[in-house]
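Residues in the sequence shown are numbered from -18 upward in steps of one, following this note's numbering.
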Amino acid sequence: MWMFHQLIALLCQYGYRLLVEEKNGVFIRETDRQIYIITVSRAGVGVQADTYERIQKQVEFLAVTRYRKSVSTLHLLVTENGIFDDQVKNMVNTLTNMWFVAGDTGRIYIFENQLQDFDGLYEYLSDGLRDAKEAEKKALFTITPVNMVIVGLNILVFLGIIIFNKGYFAVYDTDIMLQMGAMSYDTVMSGGWYRLITSLFLHFGLSHLVNNMVLLTYVGCELENRVGSVKYLIIYLLSGAAGNVVSLVFTHIFTENIYVVSAGASGAIFGVIGALFVVVLKNHTKTETLTPQRLLLLVIITIYCGLTSEGVDNAAHIGGLFGGIIGGFLLSKISQYGKLE
(Lines of atoms letter the chains of each structure in order from A and count residues from 1; the text may use other names and numbers.)
(Lines give C-alpha, C1' and ligand atoms only; values in the text may rest on other atoms or scores of the structure.)
Protein backbone atom coordinates (compact mmCIF):
# COMPACT_ATOMS: atom_id res chain seq x y z
CA MET A 1 0.00 0.00 0.00
CA TRP A 2 2.81 2.43 0.93
CA MET A 3 4.64 1.78 -2.35
CA PHE A 4 1.45 2.26 -4.36
CA HIS A 5 0.87 5.72 -2.89
CA GLN A 6 4.55 6.60 -3.25
CA LEU A 7 4.42 5.83 -6.97
CA ILE A 8 1.39 8.07 -7.38
CA ALA A 9 3.11 10.89 -5.49
CA LEU A 10 6.21 10.64 -7.71
CA LEU A 11 4.13 10.65 -10.89
CA CYS A 12 2.26 13.75 -9.73
CA GLN A 13 5.55 15.49 -9.00
CA TYR A 14 6.72 14.61 -12.50
CA GLY A 15 3.66 16.30 -14.02
CA TYR A 16 1.13 13.49 -14.35
CA ARG A 17 -2.50 13.93 -13.36
CA LEU A 18 -5.58 11.74 -13.22
CA LEU A 19 -7.05 11.15 -16.67
CA VAL A 20 -10.58 11.34 -15.32
CA GLU A 21 -11.73 11.37 -11.72
CA GLU A 22 -13.65 8.11 -12.09
CA LYS A 23 -10.58 6.20 -13.29
CA ASN A 24 -8.42 6.24 -10.20
CA GLY A 25 -4.98 4.88 -11.02
CA VAL A 26 -4.90 6.10 -14.66
CA PHE A 27 -2.61 9.10 -15.14
CA ILE A 28 -1.84 11.33 -18.10
CA ARG A 29 0.89 13.76 -19.12
CA GLU A 30 0.61 15.90 -22.26
CA THR A 31 3.47 17.29 -24.33
CA ASP A 32 3.39 19.24 -27.60
CA ARG A 33 3.29 16.09 -29.75
CA GLN A 34 2.64 13.19 -27.40
CA ILE A 35 0.25 11.93 -24.75
CA TYR A 36 1.66 9.61 -22.06
CA ILE A 37 -0.73 7.34 -20.18
CA ILE A 38 0.25 5.36 -17.08
CA THR A 39 -1.88 2.91 -15.12
CA VAL A 40 -0.88 2.13 -11.55
CA SER A 41 -2.31 -0.97 -9.88
CA ARG A 42 -1.55 -3.64 -7.31
CA ALA A 43 -1.03 -7.30 -8.17
CA GLY A 44 -3.99 -9.44 -7.17
CA VAL A 45 -5.91 -12.57 -7.91
CA GLY A 46 -7.98 -12.42 -11.09
CA VAL A 47 -6.06 -9.63 -12.81
CA GLN A 48 -5.08 -10.93 -16.25
CA ALA A 49 -3.27 -9.53 -19.28
CA ASP A 50 -6.53 -9.06 -21.21
CA THR A 51 -7.74 -6.75 -18.42
CA TYR A 52 -4.83 -4.40 -19.07
CA GLU A 53 -5.34 -4.65 -22.83
CA ARG A 54 -8.97 -3.64 -22.43
CA ILE A 55 -8.11 -0.74 -20.11
CA GLN A 56 -5.40 0.40 -22.50
CA LYS A 57 -7.75 0.48 -25.48
CA GLN A 58 -10.34 2.45 -23.51
CA VAL A 59 -7.99 5.12 -22.18
CA GLU A 60 -6.08 5.47 -25.45
CA PHE A 61 -9.36 5.96 -27.35
CA LEU A 62 -10.43 8.56 -24.78
CA ALA A 63 -7.07 10.38 -25.01
CA VAL A 64 -6.92 10.36 -28.81
CA THR A 65 -10.47 11.70 -29.21
CA ARG A 66 -9.90 14.38 -26.59
CA TYR A 67 -6.37 15.56 -27.43
CA ARG A 68 -5.91 14.32 -31.03
CA LYS A 69 -2.27 13.33 -30.45
CA SER A 70 -0.40 10.05 -30.52
CA VAL A 71 -0.63 8.08 -27.28
CA SER A 72 1.85 5.84 -25.45
CA THR A 73 0.81 3.70 -22.50
CA LEU A 74 2.71 2.09 -19.63
CA HIS A 75 1.38 -0.21 -16.92
CA LEU A 76 2.99 -0.07 -13.45
CA LEU A 77 2.15 -3.11 -11.37
CA VAL A 78 3.11 -3.13 -7.68
CA THR A 79 3.91 -6.65 -6.52
CA GLU A 80 4.56 -7.92 -3.00
CA ASN A 81 8.21 -8.64 -3.76
CA GLY A 82 10.60 -9.47 -6.61
CA ILE A 83 9.53 -13.12 -6.79
CA PHE A 84 7.06 -13.31 -9.66
CA ASP A 85 4.36 -15.95 -9.98
CA ASP A 86 2.93 -17.53 -13.12
CA GLN A 87 0.29 -14.83 -13.44
CA VAL A 88 2.95 -12.13 -13.72
CA LYS A 89 5.01 -14.18 -16.15
CA ASN A 90 1.95 -14.64 -18.34
CA MET A 91 1.41 -10.87 -18.48
CA VAL A 92 5.07 -10.39 -19.43
CA ASN A 93 4.66 -12.78 -22.37
CA THR A 94 1.44 -11.07 -23.50
CA LEU A 95 2.17 -7.38 -22.94
CA THR A 96 5.21 -5.30 -23.95
CA ASN A 97 4.60 -2.17 -21.86
CA MET A 98 4.56 -3.29 -18.22
CA TRP A 99 6.98 -2.53 -15.39
CA PHE A 100 6.92 -4.29 -12.05
CA VAL A 101 7.63 -2.53 -8.75
CA ALA A 102 8.57 -4.71 -5.77
CA GLY A 103 6.66 -3.42 -2.77
CA ASP A 104 9.23 -4.63 -0.23
CA THR A 105 12.32 -3.01 -1.81
CA GLY A 106 10.98 -0.38 -4.23
CA ARG A 107 13.04 -1.83 -7.09
CA ILE A 108 11.68 -1.61 -10.64
CA TYR A 109 11.87 -4.79 -12.72
CA ILE A 110 11.77 -4.54 -16.53
CA PHE A 111 11.87 -7.72 -18.59
CA GLU A 112 13.76 -7.89 -21.90
CA ASN A 113 10.65 -7.74 -24.07
CA GLN A 114 9.28 -4.65 -22.27
CA LEU A 115 9.78 -0.92 -22.82
CA GLN A 116 13.21 -0.08 -21.41
CA ASP A 117 12.25 3.53 -20.78
CA PHE A 118 9.07 5.56 -20.89
CA ASP A 119 8.90 9.35 -20.83
CA GLY A 120 12.30 9.42 -19.09
CA LEU A 121 10.73 7.87 -16.00
CA TYR A 122 12.98 4.92 -15.23
CA GLU A 123 15.81 6.75 -13.46
CA TYR A 124 13.41 9.25 -11.90
CA LEU A 125 11.20 6.57 -10.36
CA SER A 126 14.16 4.37 -9.36
CA ASP A 127 15.88 7.24 -7.54
CA GLY A 128 12.64 8.48 -5.99
CA LEU A 129 11.60 5.07 -4.68
CA ARG A 130 15.09 4.36 -3.35
CA ASP A 131 15.23 7.70 -1.51
CA ALA A 132 11.73 7.15 -0.13
CA LYS A 133 12.67 3.68 1.08
CA GLU A 134 15.78 5.00 2.82
CA ALA A 135 13.72 7.78 4.42
CA GLU A 136 11.19 5.19 5.60
CA LYS A 137 13.96 3.16 7.23
CA LYS A 138 15.29 6.24 8.99
CA ALA A 139 11.79 7.08 10.19
CA LEU A 140 11.52 3.70 11.92
CA PHE A 141 13.16 3.29 15.31
CA THR A 142 16.06 0.86 15.05
CA ILE A 143 18.70 -0.21 17.55
CA THR A 144 22.16 1.19 16.76
CA PRO A 145 25.52 -0.32 17.84
CA VAL A 146 27.44 2.57 19.43
CA ASN A 147 24.51 3.89 21.44
CA MET A 148 23.65 0.46 22.79
CA VAL A 149 27.30 -0.12 23.73
CA ILE A 150 27.15 3.14 25.71
CA VAL A 151 23.93 2.03 27.40
CA GLY A 152 25.49 -1.36 28.16
CA LEU A 153 28.63 0.24 29.64
CA ASN A 154 26.52 2.40 31.95
CA ILE A 155 24.67 -0.65 33.22
CA LEU A 156 27.85 -2.73 33.61
CA VAL A 157 29.62 0.06 35.52
CA PHE A 158 26.61 0.43 37.80
CA LEU A 159 26.54 -3.32 38.56
CA GLY A 160 30.33 -3.41 38.87
CA ILE A 161 30.33 -0.75 41.59
CA ILE A 162 27.72 -2.69 43.55
CA ILE A 163 29.56 -6.00 43.18
CA PHE A 164 33.04 -4.58 43.78
CA ASN A 165 31.95 -2.75 46.93
CA LYS A 166 29.65 -5.56 48.10
CA GLY A 167 26.49 -3.55 48.49
CA TYR A 168 23.84 -1.61 46.57
CA PHE A 169 24.26 1.53 48.66
CA ALA A 170 27.79 1.97 47.33
CA VAL A 171 26.26 3.89 44.40
CA TYR A 172 25.08 6.52 46.91
CA ASP A 173 28.45 6.87 48.63
CA THR A 174 30.20 9.98 47.26
CA ASP A 175 33.65 8.82 48.35
CA ILE A 176 33.25 5.52 46.49
CA MET A 177 31.84 7.30 43.45
CA LEU A 178 34.82 9.66 43.40
CA GLN A 179 37.12 6.67 43.48
CA MET A 180 35.23 5.21 40.52
CA GLY A 181 35.54 8.40 38.44
CA ALA A 182 32.83 10.85 39.51
CA MET A 183 33.79 14.51 39.49
CA SER A 184 33.92 17.50 41.77
CA TYR A 185 35.50 20.90 41.24
CA ASP A 186 38.55 20.21 43.37
CA THR A 187 39.27 16.76 41.86
CA VAL A 188 39.04 18.05 38.27
CA MET A 189 41.12 21.16 38.93
CA SER A 190 43.70 18.99 40.66
CA GLY A 191 44.41 17.30 37.36
CA GLY A 192 41.56 14.80 37.06
CA TRP A 193 40.30 16.08 33.70
CA TYR A 194 39.44 12.53 32.69
CA ARG A 195 36.55 12.78 35.13
CA LEU A 196 34.71 14.98 32.63
CA ILE A 197 34.24 11.77 30.64
CA THR A 198 34.29 8.98 33.25
CA SER A 199 31.57 10.67 35.30
CA LEU A 200 29.22 10.25 32.32
CA PHE A 201 29.11 6.50 33.02
CA LEU A 202 28.29 6.70 36.76
CA HIS A 203 24.86 7.04 38.37
CA PHE A 204 23.57 7.65 41.88
CA GLY A 205 20.95 4.94 42.32
CA LEU A 206 18.78 2.72 40.16
CA SER A 207 16.15 5.35 39.29
CA HIS A 208 18.89 7.74 38.14
CA LEU A 209 20.31 5.04 35.88
CA VAL A 210 16.99 3.77 34.50
CA ASN A 211 15.60 7.22 33.72
CA ASN A 212 18.74 8.20 31.83
CA MET A 213 19.11 4.91 29.94
CA VAL A 214 15.48 4.79 28.80
CA LEU A 215 15.75 8.29 27.34
CA LEU A 216 19.21 7.63 25.89
CA THR A 217 18.09 4.43 24.17
CA TYR A 218 15.48 6.38 22.19
CA VAL A 219 17.16 9.70 21.36
CA GLY A 220 20.62 8.14 20.99
CA CYS A 221 19.55 5.56 18.42
CA GLU A 222 17.57 8.21 16.54
CA LEU A 223 20.61 10.48 16.26
CA GLU A 224 23.06 7.69 15.42
CA ASN A 225 20.75 6.51 12.64
CA ARG A 226 20.90 9.97 11.10
CA VAL A 227 24.55 10.98 11.49
CA GLY A 228 26.45 7.69 11.73
CA SER A 229 28.24 5.94 14.57
CA VAL A 230 31.54 7.88 14.64
CA LYS A 231 29.91 11.32 14.52
CA TYR A 232 27.38 10.25 17.12
CA LEU A 233 30.11 9.11 19.54
CA ILE A 234 31.95 12.42 19.12
CA ILE A 235 28.80 14.44 19.77
CA TYR A 236 27.91 12.30 22.80
CA LEU A 237 31.30 12.59 24.51
CA LEU A 238 31.98 16.24 23.67
CA SER A 239 28.52 17.49 24.66
CA GLY A 240 28.72 15.45 27.88
CA ALA A 241 32.12 16.99 28.66
CA ALA A 242 30.77 20.45 27.81
CA GLY A 243 27.87 19.93 30.20
CA ASN A 244 30.29 18.90 32.96
CA VAL A 245 32.47 21.97 32.37
CA VAL A 246 29.45 24.27 32.66
CA SER A 247 28.44 22.40 35.82
CA LEU A 248 31.87 22.94 37.37
CA VAL A 249 31.90 26.65 36.49
CA PHE A 250 28.39 27.10 37.87
CA THR A 251 29.30 25.24 41.07
CA HIS A 252 32.43 27.31 41.60
CA ILE A 253 30.82 30.70 40.93
CA PHE A 254 27.39 30.35 42.50
CA THR A 255 27.76 27.79 45.27
CA GLU A 256 31.43 28.11 46.24
CA ASN A 257 31.26 24.46 47.30
CA ILE A 258 34.14 22.81 45.48
CA TYR A 259 33.40 19.43 47.05
CA VAL A 260 30.01 18.79 45.44
CA VAL A 261 30.19 15.39 43.70
CA SER A 262 28.33 14.93 40.43
CA ALA A 263 27.91 12.12 37.91
CA GLY A 264 25.47 10.89 35.32
CA ALA A 265 24.87 10.75 31.57
CA SER A 266 22.19 13.44 31.51
CA GLY A 267 24.49 16.18 30.19
CA ALA A 268 25.47 13.99 27.23
CA ILE A 269 21.83 12.98 26.72
CA PHE A 270 20.80 16.63 26.54
CA GLY A 271 23.59 17.10 24.00
CA VAL A 272 22.15 14.27 21.93
CA ILE A 273 18.71 15.89 22.07
CA GLY A 274 20.18 19.25 21.03
CA ALA A 275 22.04 17.74 18.08
CA LEU A 276 18.99 15.71 17.08
CA PHE A 277 16.87 18.88 17.17
CA VAL A 278 19.25 20.60 14.72
CA VAL A 279 19.54 17.57 12.41
CA VAL A 280 15.78 17.05 12.22
CA LEU A 281 15.14 20.76 11.71
CA LYS A 282 17.83 21.26 9.05
CA ASN A 283 17.27 18.03 7.09
CA HIS A 284 13.45 17.99 7.30
CA THR A 285 13.48 14.34 8.47
CA LYS A 286 10.68 14.62 11.00
CA THR A 287 8.25 11.75 11.53
CA GLU A 288 4.93 11.47 13.32
CA THR A 289 6.73 10.68 16.59
CA LEU A 290 9.83 12.85 16.18
CA THR A 291 9.50 16.55 15.32
CA PRO A 292 11.48 19.64 16.38
CA GLN A 293 8.47 20.80 18.38
CA ARG A 294 8.29 17.56 20.38
CA LEU A 295 12.02 17.56 21.02
CA LEU A 296 11.80 21.15 22.26
CA LEU A 297 8.87 20.26 24.50
CA LEU A 298 10.86 17.32 25.90
CA VAL A 299 13.75 19.65 26.77
CA ILE A 300 11.45 22.21 28.43
CA ILE A 301 9.66 19.59 30.52
CA THR A 302 12.91 17.92 31.60
CA ILE A 303 14.58 21.20 32.59
CA TYR A 304 11.43 22.28 34.45
CA CYS A 305 11.36 19.01 36.39
CA GLY A 306 15.05 19.51 37.20
CA LEU A 307 14.51 23.05 38.46
CA THR A 308 11.69 21.94 40.75
CA SER A 309 13.60 18.94 42.12
CA GLU A 310 16.55 18.66 44.47
CA GLY A 311 19.89 17.11 43.58
CA VAL A 312 19.56 17.64 39.80
CA ASP A 313 22.51 19.16 37.94
CA ASN A 314 20.62 21.57 35.70
CA ALA A 315 23.82 23.37 34.71
CA ALA A 316 25.12 20.14 33.14
CA HIS A 317 21.80 19.70 31.33
CA ILE A 318 21.87 23.19 29.84
CA GLY A 319 25.58 23.02 29.02
CA GLY A 320 25.17 19.64 27.33
CA LEU A 321 22.12 20.89 25.41
CA PHE A 322 23.94 23.87 23.93
CA GLY A 323 27.00 21.72 23.28
CA GLY A 324 24.83 19.33 21.28
CA ILE A 325 23.13 22.16 19.39
CA ILE A 326 26.48 23.63 18.41
CA GLY A 327 27.78 20.18 17.46
CA GLY A 328 24.71 19.42 15.37
CA PHE A 329 24.97 22.79 13.61
CA LEU A 330 28.68 22.29 12.84
CA LEU A 331 27.93 18.75 11.66
CA SER A 332 25.29 19.99 9.22
CA LYS A 333 27.68 22.64 7.90
CA ILE A 334 30.48 20.11 7.45
CA SER A 335 28.13 17.74 5.61
CA GLN A 336 26.90 20.58 3.40
CA TYR A 337 30.48 21.60 2.62
CA GLY A 338 31.32 18.00 1.69
CA LYS A 339 28.40 17.88 -0.75
CA LEU A 340 29.49 21.17 -2.33
CA GLU A 341 33.03 19.88 -2.72
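Every residue, glycine too, gets a C-beta built ideally from N, C-alpha and C. Model, not experiment: these values are computed from the prediction.
By alpha-carbon distance to I131, the top candidate from V195, M161, G109 is V195. For M129, the enclosing alpha helix (DSSP H) has its first and last residue at 126 to 145. With distances taken between CA atoms, K212 lies nearest to L311 out of I124, L311, A30, Q274. In the DSSP assignment, I18 falls within the unbroken beta strand (DSSP E) covering 15 to 23.
Spatial neighbours of K114 in its own chain (CB-CB distance under 6 Å, excluding positions within 5 residues in sequence) are listed in chain order as G87.
Within the model, the alpha-carbon separation for F92 versus L106 is close to 16 Å.
The closest CA to that of G209, considering only E11, V152, V253, is found on V253. In this structure, F185 and A244 form a Cβ contact; the two beta carbons are roughly 6 Å apart against a cut-off of 8 Å.
Residues I19, N78, F99 of the same chain have their beta carbon placed closer than 6 Å to that of L55, with the five preceding and five following residues left out of the count. Using a C-beta cut-off of 8 Å, the segment 163 to 182 makes contact with the segment 224 to 231, since at least three inter-stretch Cβ pairs fall below that distance. If you ignore the 5 residues before and after V7, its C-beta comes within less than 6 Å of the C-beta of L0, T20, V40, all in its own chain and listed in chain order. At a Cβ-Cβ threshold of 9 Å, T198 and N128 count as neighbours. Approximately 6 Å separates the beta-carbon atoms of A297 and S247; this is inside 8 Å, confirming the contact. In the three-state scheme derived from DSSP, where H, G and I count as helix and E and B as strand, I91 is classed as coil.
Annotation for I215: the continuous alpha helix (DSSP H) segment containing it runs 210 to 231.
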